[in-house]
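Residue numbers (this note's numbering), protein chains in the order written: chain A, 166 to 474; chain B, 166 to 474; chain C, 166 to 474.
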Amino acid sequence: MPDSLAGRDIITIDDLNKDEIQLILNQAARFEELRQRRRKFDLLDGRVLATLFYEPSTRTRLSFETAMHRLGGDVISVAEAAKSSSAAKGETLTDAARVISGYADVIVQRHPAVGSAQEAAAGATVPLINAGDGMGEHPTQALLDLYTIQRERGRLDGLWVGLVGDLKHGRTVHSLSRALAHWDVRLTLVSPPALALPATVTGELRRRGLTVHETDDLTTAMSACDVLYVTRIQRERFADPAEYKRLRKSYVVDQALIKHTNPNITIMHPLPRVNEIATDVDDLPGAAYFRQAANGVWVRMAVLTLVVG
Amino acid sequence: MPDSLAGRDIITIDDLNKDEIQLILNQAARFEELRQRRRKFDLLDGRVLATLFYEPSTRTRLSFETAMHRLGGDVISVAEAAKSSSAAKGETLTDAARVISGYADVIVQRHPAVGSAQEAAAGATVPLINAGDGMGEHPTQALLDLYTIQRERGRLDGLWVGLVGDLKHGRTVHSLSRALAHWDVRLTLVSPPALALPATVTGELRRRGLTVHETDDLTTAMSACDVLYVTRIQRERFADPAEYKRLRKSYVVDQALIKHTNPNITIMHPLPRVNEIATDVDDLPGAAYFRQAANGVWVRMAVLTLVVG
Amino acid sequence: MPDSLAGRDIITIDDLNKDEIQLILNQAARFEELRQRRRKFDLLDGRVLATLFYEPSTRTRLSFETAMHRLGGDVISVAEAAKSSSAAKGETLTDAARVISGYADVIVQRHPAVGSAQEAAAGATVPLINAGDGMGEHPTQALLDLYTIQRERGRLDGLWVGLVGDLKHGRTVHSLSRALAHWDVRLTLVSPPALALPATVTGELRRRGLTVHETDDLTTAMSACDVLYVTRIQRERFADPAEYKRLRKSYVVDQALIKHTNPNITIMHPLPRVNEIATDVDDLPGAAYFRQAANGVWVRMAVLTLVVG
Numbered sequence: 166m167p168d169s170l171a172g173r174d175i176i177t178i179d180d181l182n183k184d185e186i187q188l189i190l191n192q193a194a195r196f197e198e199l200r201q202r203r204r205k206f207d208l209l210d211g212r213v214l215a216t217l218f219y220e221p222s223t224r225t226r227l228s229f230e231t232a233m234h235r236l237g238g239d240v241i242s243v244a245e246a247a248k249s250s251s252a253a254k255g256e257t258l259t260d261a262a263r264v265i266s267g268y269a270d271v272i273v274q275r276h277p278a279v280g281s282a283q284e285a286a287a288g289a290t291v292p293l294i295n296a297g298d299g300m301g302e303h304p305t306q307a308l309l310d311l312y313t314i315q316r317e318r319g320r321l322d323g324l325w326v327g328l329v330g331d332l333k334h335g336r337t338v339h340s341l342s343r344a345l346a347h348w349d350v351r352l353t354l355v356s357p358p359a360l361a362l363p364a365t366v367t368g369e370l371r372r373r374g375l376t377v378h379e380t381d382d383l384t385t386a387m388s389a390c391d392v393l394y395v396t397r398i399q400r401e402r403f404a405d406p407a408e409y410k411r412l413r414k415s416y417v418v419d420q421a422l423i424k425h426t427n428p429n430i431t432i433m434h435p436l437p438r439v440n441e442i443a444t445d446v447d448d449l450p451g452a453a454y455f456r457q458a459a460n461g462v463w464v465r466m467a468v469l470t471l472v473v474g
Numbered sequence: 166m167p168d169s170l171a172g173r174d175i176i177t178i179d180d181l182n183k184d185e186i187q188l189i190l191n192q193a194a195r196f197e198e199l200r201q202r203r204r205k206f207d208l209l210d211g212r213v214l215a216t217l218f219y220e221p222s223t224r225t226r227l228s229f230e231t232a233m234h235r236l237g238g239d240v241i242s243v244a245e246a247a248k249s250s251s252a253a254k255g256e257t258l259t260d261a262a263r264v265i266s267g268y269a270d271v272i273v274q275r276h277p278a279v280g281s282a283q284e285a286a287a288g289a290t291v292p293l294i295n296a297g298d299g300m301g302e303h304p305t306q307a308l309l310d311l312y313t314i315q316r317e318r319g320r321l322d323g324l325w326v327g328l329v330g331d332l333k334h335g336r337t338v339h340s341l342s343r344a345l346a347h348w349d350v351r352l353t354l355v356s357p358p359a360l361a362l363p364a365t366v367t368g369e370l371r372r373r374g375l376t377v378h379e380t381d382d383l384t385t386a387m388s389a390c391d392v393l394y395v396t397r398i399q400r401e402r403f404a405d406p407a408e409y410k411r412l413r414k415s416y417v418v419d420q421a422l423i424k425h426t427n428p429n430i431t432i433m434h435p436l437p438r439v440n441e442i443a444t445d446v447d448d449l450p451g452a453a454y455f456r457q458a459a460n461g462v463w464v465r466m467a468v469l470t471l472v473v474g
Numbered sequence: 166m167p168d169s170l171a172g173r174d175i176i177t178i179d180d181l182n183k184d185e186i187q188l189i190l191n192q193a194a195r196f197e198e199l200r201q202r203r204r205k206f207d208l209l210d211g212r213v214l215a216t217l218f219y220e221p222s223t224r225t226r227l228s229f230e231t232a233m234h235r236l237g238g239d240v241i242s243v244a245e246a247a248k249s250s251s252a253a254k255g256e257t258l259t260d261a262a263r264v265i266s267g268y269a270d271v272i273v274q275r276h277p278a279v280g281s282a283q284e285a286a287a288g289a290t291v292p293l294i295n296a297g298d299g300m301g302e303h304p305t306q307a308l309l310d311l312y313t314i315q316r317e318r319g320r321l322d323g324l325w326v327g328l329v330g331d332l333k334h335g336r337t338v339h340s341l342s343r344a345l346a347h348w349d350v351r352l353t354l355v356s357p358p359a360l361a362l363p364a365t366v367t368g369e370l371r372r373r374g375l376t377v378h379e380t381d382d383l384t385t386a387m388s389a390c391d392v393l394y395v396t397r398i399q400r401e402r403f404a405d406p407a408e409y410k411r412l413r414k415s416y417v418v419d420q421a422l423i424k425h426t427n428p429n430i431t432i433m434h435p436l437p438r439v440n441e442i443a444t445d446v447d448d449l450p451g452a453a454y455f456r457q458a459a460n461g462v463w464v465r466m467a468v469l470t471l472v473v474g
């Protein structure tokens with residue numbers, strides 16, 4: 166088992182092997198356990214985190230910044246980097262990251278273009294963490310999803326996980342499913358055919374040994390799964406508004422459906438949710454999505470600590 | 166006398182009884198007294214404040230953030246929450262506040278819609294402080310106004326306070342006048358009839374025992390009052406531009422007017438001022454508005470300390 | 166030699182005499198030397214820096230904020246002050262700075278209008294540092310440029326410094342050239358005639374004893390100079406697009422040109438660079454521009470420490 170990721174960039178979940186993922190999850194668990202006794206650690210005292218957000222993502226940014234504060238570090242932030250004078254003047258992401266490396270000890274970057282994190286990492290002389298590059302990757306989201314599943318169910322091996330919603334465009338489910346392939350997990354993919362997980366991804370998952378079922382029937386899937394990971398279906402993905410209306414309705418998880426199919430199921434969501442989980446689910450013990458969001462802090466504390474070293 | 170407001174939301178000034186208001190004012194005074202000896206307290210060390218501003222209000226935000234820093238705490242901030250991706254995707258304020266509760270120990274929210282603070286507080290699992298909800302409430306402004314009056318005049322009981330300007334739309338004067346009703350104060354309301362304090366508010370104030378005079382004559386009011394609280398009259402409130410021009414001129418406080426009517430009067434203003442207080446007033450000993458703004462820090466330190474507990 | 170600049174505003178580089186500039190450079194060098202042993206100083210513990218940016222300038226803002234954090238202080242920030250409600254309502258910069266003085270111990274302001282820093286300083290009751298006022302001044306940029314030259318070449322006296330690019334509009338080169346006039350430096354100005362340093366500035370420099378050459382030939386200048394300070398030529402400065410194209414090309418510094426003319430030359434740039442320095446220069450030992458950007462932190466730590474006192 167490694168004991169550090171010092172100096173490492175984290176661009177995609179595939180940058181981490183199973184031992185490294187486990188190291189992060191264990192470190193996150195240690196921070197959460199100590200939560201009651203210690204509000205703040207001095208592990209990163211005197212260190213500076215730069216959050217560079219070329220598109221807004223409030224909760225990812227706040228979650229990283231909270232993590233840094235709870236580690237005793239400081240934060241410099243560009244909430245709207247796309248409007249910065251340097252970007253407007255045509256500076257490359259590579260140059261920008263190199264300059265920011267002169268100020269900060271670690272950089273967290275979000276950008277709408279696939280590959281932008283790699284481009285910035287080429288210039289950065291400090292660790293760079295990808296907090297989302299368009300349809301690309303968002304590795305710390307996958308890590309906090311894994312952490313939440315393990316936390317809610319006590320283990321990862323032997324679980325049956327359902328993914329429902331827009332599995333075609335959802336960056337989150339691509340990263341999570343690849344991360345889950347390190348464990349002995351069974352996946353059920355629930356989506357309308359037009360929004361199915363791309364065949365290249367399901368193919369890769371199967372090659373790596375995962376059992377993958379595909380269906381468009383949410384009710385049956387829920388009966389079988391231990392965990393249901395819900396994602397939003399966006400109107401703009403549909404040519405036919407009537408089709409959107411029909412599907413949006415058929416993939417709503419509410420309290421009645423849970424009680425009918427599987428009262429013990431764990432419900433997750435990367436948030437924000439709109440209509441796909443009814444608010445009457447919030448009070449069920451299996452409604453894990455707000456705890457999932459909060460877990461982002463422990464996981465990001467672990468990542469920051471390990472890459473800054 | 167209570168000794169804590171631990172866990173309490175502060176949505177409106179009416180959430181606080183007289184003892185609780187007095188507790189806040191006393192705690193604020195203690196912070197101000199210690200100012201010279203101690204720049205920073207560790208009362209909220211390891212705690213995180215989230216400032217969520219769905220409309221800009223630079224000085225309210227900076228004042229809260231300064232207060233948190235001077236208490237040893239950390240700050241995460243969304244200066245333009247309305248443009249956040251989550252709000253754009255249709256997330257409710259209730260969900261947003263619940264997620265942020267996973268990061269922060271206390272939330273300060275500003276939003277243009279009346280009732281938005283209550284909506285967010287329904288989701289928050291940490292104390293939520295309303296920093297303005299449209300035409301609704303802004304309770305810490307009323308508290309710092311009370312603090313300033315007491316600080317400048319040595320007491321609240323027995324004072325004669327004038328409120329001048331747009332008393333109809335001004336959230337500030339509604340909250341302040343209701344807060345003053347806890348003390349033995351005489352109010353004079355100075356405004357053009359079209360911008361008078363709503364009759365429901367004056368009725369409530371009188372029922373609660375306040376003596377309330379109404380006039381449109383600033384000069385006479387100033388001669389009688391110990392404190393004059395000036396607010397801005399906005400052009401857009403008037404159908405007739407000529408009427409606006411006439412009134413704007415008749416409600417300008419300048420050095421000559423003060424010397425003529427009441428050299429000892431205390432002049433307050435929630436700021437920013439535009440033309441309603443001439444800059445030649447700034448150097449008079451009774452010009453309290455910049456001290457009033459600075460008092461926001463002591464009062465918000467007190468509020469943060471007491472609600473986080 | 167002075168030992169403090171306590172309470173001083175820094176509006177223009179001319180506010181500082183040679184001893185005071187030297188004091189800042191020495192203090193910056195001390196911070197840089199201690200860098201390995203101490204990540205953070207408690208010199209400004211309990212102090213608050215306010216960064217007020219009425220136009221975006223990400224790296225200047227982040228550099229000041231990093232400096233404040235490394236000094237143990239806290240930061241309150243308005244990244245988009247022009248959109249603040251107070252500015253929109255017509256508040257003067259003088260009033261705004263006076264209010265912020267109630268929160269912060271030092272203010273750093275950036276604004277697009279010449280003279281805006283002076284206007285704000287008139288209201289501020291704490292030190293105000295100009296971080297750029299349009300075509301006016303940006304004194305800490307000149308200081309970090311001086312620091313970098315001294316750091317890269319071991320001295321300032323006796324050097325030959327070339328300035329190339331748009332010398333007419335570049336605030337940076339105006340301030341830097343005036344600052345260099347305190348030392349025994351030879352200047353070569355390289356620009357198309359239409360973008361030459363204004364005659365009033367060259368006249369002043371010569372009166373103050375500087376030897377100043379003017380040319381439009383970059384190659385010859387590079388052969389002679391110890392340091393080449395490159396600035397961007399902006400398309401919008403030219404009436405004739407063909408003229409812009411020709412010039413942009415003739416003022417590109419690349420690895421071949423450096424090896425051909427002067428392999429030991431130090432290359433500087435205020436950044437962001439676009440095309441005027443080829444990326445193949447980045448790996449040369451004389452490519453100092455990223456170190457120059459990083460030096461901003463040491464210099465701003467020195468300035469903040471000395472003015473807060």
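Backbone N, C-alpha and C define an ideal beta-carbon position, used for all residues, glycine too.
In the DSSP annotation of this structure, A/T290 is not part of any beta strand (DSSP E), being labelled neither H nor E. Counting C-beta atoms within 10 angstroms of its own C-beta, A/G319 has fewer than 16 neighbours from the protein chains shown and is therefore classed as exposed.
For B/A253, the uninterrupted alpha helix (DSSP H) run begins and ends at S250 to A253, by DSSP. Taking CB atoms only, B/Y268 has a neighbour in chain A less than 7 Å away.
DSSP places A/Y394 within a strand segment (E or B) once states are collapsed to three.
Secondary-structure assignment with DSSP links A/D184 through no beta bridge to anything. Proximity of A/D207 to chain C, defined by a Cβ-Cβ separation below 7 Å, is not satisfied.
With a 10 Å radius around the Cβ and a threshold of 16 neighbouring Cβ atoms, B/V279 comes out exposed.
Within the stretch 197-268 of chain B, the complete alpha helix (DSSP H) segments of 4 residues or longer fall at 223-235, 250-253 and 258-266, listed in chain order. In this structure, the alpha-carbon of C/A247 lies about 24 Å from that of A/A261.
A Cβ-Cβ contact shorter than 7 Å links A/L352 with A/V377.
Looking only at B/S281, B/T231 and B/N182, the smallest Cα-Cα distance to B/F218 is reached by B/S281. Collapsing the DSSP output to three states places B/T380 in a strand. For the stretch 214-238 of chain B, the residues whose beta carbon sits under 7 Å from a beta carbon of chain C are, in order, P221, S222, T223, R224, L227, S228, E230, T231 and H234. No Cβ of chain C is located within less than 7 Å of the beta carbon of A/S388. A Cβ of chain C is located within less than 7 Å of the beta carbon of B/A459. Three or more beta-carbon pairs separated by less than 8 Å are not found between the stretch 294-306 of chain B and the stretch 230-250 of chain B, which leaves the two stretches without contact. Note on the stretch 412-454 of chain B: whole alpha helix (DSSP H) runs with a minimum of 4 residues are 420-426, in chain order. Taking a beta-carbon distance threshold of 7 Å, A/V350 does not count as an interface residue toward chain C.
Distance from the CA of B/V472 to the CA of B/L188, rounded to the nearest whole angstrom, comes to 12 Å. Around C/R204, the beta-carbon contacts reaching into chain A at under 8 Å are D210, G211 and R212. Apart from sequence neighbours up to five positions away, the residues of its chain that approach C/D179 with a beta-carbon distance below 7 Å are R343, ordered along the chain. Taking the Cβ atoms as the reference, A/I294 lies roughly 17 Å from A/V264, outside the contact range of under 8 Å. Taking 9 Å as the Cβ-Cβ cut-off, the stretch 245-262 of chain B approaches chain A at E245, A246, K248, S249, S250, S251, A252, A253, K254, G255, E256, T257, T259, D260 and A261, given in chain order. Nearest neighbour of A/R200 by Cα position, chosen from A/W463, A/T470, A/G474 and A/L469, turns out to be A/W463. Secondary structure at B/A278: coil, using DSSP grouped into helix, strand and coil. Under the Cβ criterion (8 Å, minimum of three pairs), the stretch 324-340 of chain B does not count as touching the stretch 206-217 of chain B. Chain C has no Cβ within less than 7 Å of the Cβ of B/P358.
With contacts defined as CB atoms closer than 7 Å, C/G297 and C/T259 fail to qualify as a contacting pair. Per the DSSP secondary-structure output, A/L354 pairs in a beta bridge with A/L328 and A/E379. Contact residues of the stretch 421-442 of chain A toward chain B are L436, P437, R438 and V439 (C-beta to C-beta distance below 8 Å). Looking at the backbone, the Cα of C/L375 and that of C/T365 are separated by about 14 Å. The residues R235, L236 and G237, in chain order, have a CB closer than 7 Å to that of C/F206 in the same chain once the five nearest residues on each side in sequence are set aside. With respect to the C-alpha of C/G451, the residue from C/R204, C/R226 and C/T313 having the closest C-alpha is C/T313.
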